[in-house]
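Taking it in order: structure first as structure tokens, then the write-up.
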Amino acid sequence: MVRISILLFFLHFSVNRSVTIDEEKVINLGSKSCKLIRKGNLENRSLFLSLHDDENTSVVAFNEVSQSIGQPVLIELQQSGSRFIKYGYNGLEYSIDPNRIFTEIGLTSTLKKYNKSFPNEVKESLIKFSKQLLELILPSDKKKYIVAIHNNSNDNYSAKSYVGNKDAEKIYMNPAEDVDDFFFVINQQDFEFFKAKKRNVILQSKQATDDGSFSIFCARNSQAYINIEAQDGHKDVQKKMIKEAYELIMSK
Ligand SMILES: [Zn+2]
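In structure tokens form, the structure reads like this:
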């Protein structure tokens, strides 16, 4: 009888223990701000990340398959629905690509690329911003996979962009697949997994250019990471890719 009540106590405890998160954090960007939404099951073995606020196919695809993969946490950075986020300082706006801020070199380049000039205060605040984001994004266990979800358009960035490019160590492209739909990984095993499935996949090179992207950060910090790129509107393809990435994670 004692044993049964102890067992019941533990069952009760585990049923009521909160393993899900559903929160919105407002983060300061000078006179502007952005939101970081975190929602899902913290105990899932993966964590999904959407950094570009205009890449909506990926978020819809995630939401439609989430249930079937145990509702992992999705972290979404939102500001005004565009790729770039704006920082406000002294009555002016500064643009940055939120996926180019995770190293100081990358952050400086993104500030230079999208703004005529910028005061050092802006750069310093953005370094703090990127640290704050990382604190909210990174799991305590580096082996827990972060799956970045992105969308591209038909006419620019694709798996083909890596042909003859030092940023890629290995490339596999299946001629039957759209070049805009591809996995981007940072370890050899993951590359082989998607290649065996005949999916377009790029393995990031150890000598890849430091552009401040999250993939560079993860490679340097041994954080497990996969990026799922799909053309805008390729929702069904991206749903399938999300399930395949999850299959890989569960096989580890
Ligand atoms: Zn993106």
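Heads up: the sequence shown begins at 0 in numbering that gives the first Met the number 0, then just goes up one per residue. By construction, the Cβ of each residue, glycine as well, lies at the ideal position given by its N, Cα and C atoms. Computed from a prediction, not measured in an experiment: that's the story for all the values here.
Exercise for review: Quick one: grab the DSSP three-state call for Ala158.
Suggested key: Numbered from its first residue, the sequence shown carries residue 158 at position 159. Correct three-state label for Ala158: helix.
**Study point:** Three or more C-beta pairs below 8 angstroms linking the region 41-57 and the region 21-28
**Key:** no
Review point. Is Arg99 buried or exposed, if buried means 16 or more other CB atoms sit within 10 Å of its CB?
Key: The count along the sequence shown starts at 1 and reaches residue 99 at position 100. By the 10 Å Cβ count, Arg99 comes out buried.
Check your understanding: Which first and last residues belong to the beta strand (DSSP E) in which Arg219 is found?
Key -> Mapped onto the sequence shown, residue 219 falls at position 220. Careful: Arg219 lies outside any beta strand (DSSP E), inside the alpha helix (DSSP H) at 213-219.
Practice item. Indicate the three-state DSSP secondary structure (helix, strand or coil) for Phe182 in the structure shown. Key: For the purposes of this step, residue 182 is identified with residue 183 of the sequence shown, where counting begins at 1. Phe182 falls in the strand class under three-state DSSP.
Check your understanding: Since Lys127 is in the alpha helix (DSSP H), which residue starts that stretch and which ends it?
Key -> Along the sequence shown, one-based indexing puts residue 127 at 128. Counting along the chain, the alpha helix (DSSP H) containing Lys127 begins and ends at 119-136.
Check your understanding: In terms of DSSP beta bridges, what is Phe47 paired with?
Key -> Counting from 1 along the sequence shown, the entry for residue 47 is found at position 48. DSSP output for Phe47 lists Leu73, Val146 as bridge partner(s).
Check your understanding: Do you know how far the Cα of Gly90 is from the Cα of Phe193?
Key -> Here residue 193 is taken as the residue at index 194 of the sequence shown, counted from 1. Here residue 90 is taken as the residue at index 91 of the sequence shown, counted from 1. Approximately 48 angstroms, taken between the alpha carbons.
Exercise for review: For the region 74-92 and the region 197-211, state whether three or more C-beta atom pairs, one from each stretch, are separated by less than 8 angstroms.
Suggested key: no
Point to revise | Val195: first and last residue of the uninterrupted alpha helix (DSSP H) it sits in | key: The count along the sequence shown starts at 1 and reaches residue 195 at position 196. One point to set straight first is that residue 195 is Ala, not Val, in the sequence displayed. 187-195 is the span of the alpha helix (DSSP H), which, as asked, contains Ala195.
Review point. Taking 7 angstroms as the cut-off, is the CB of Asn98 close to at least one heavy atom of ligand 1?
Key: As a working mapping, residue 98 is identified with position 99 in the sequence shown. Asn98 Cβ: within cutoff of ligand 1.
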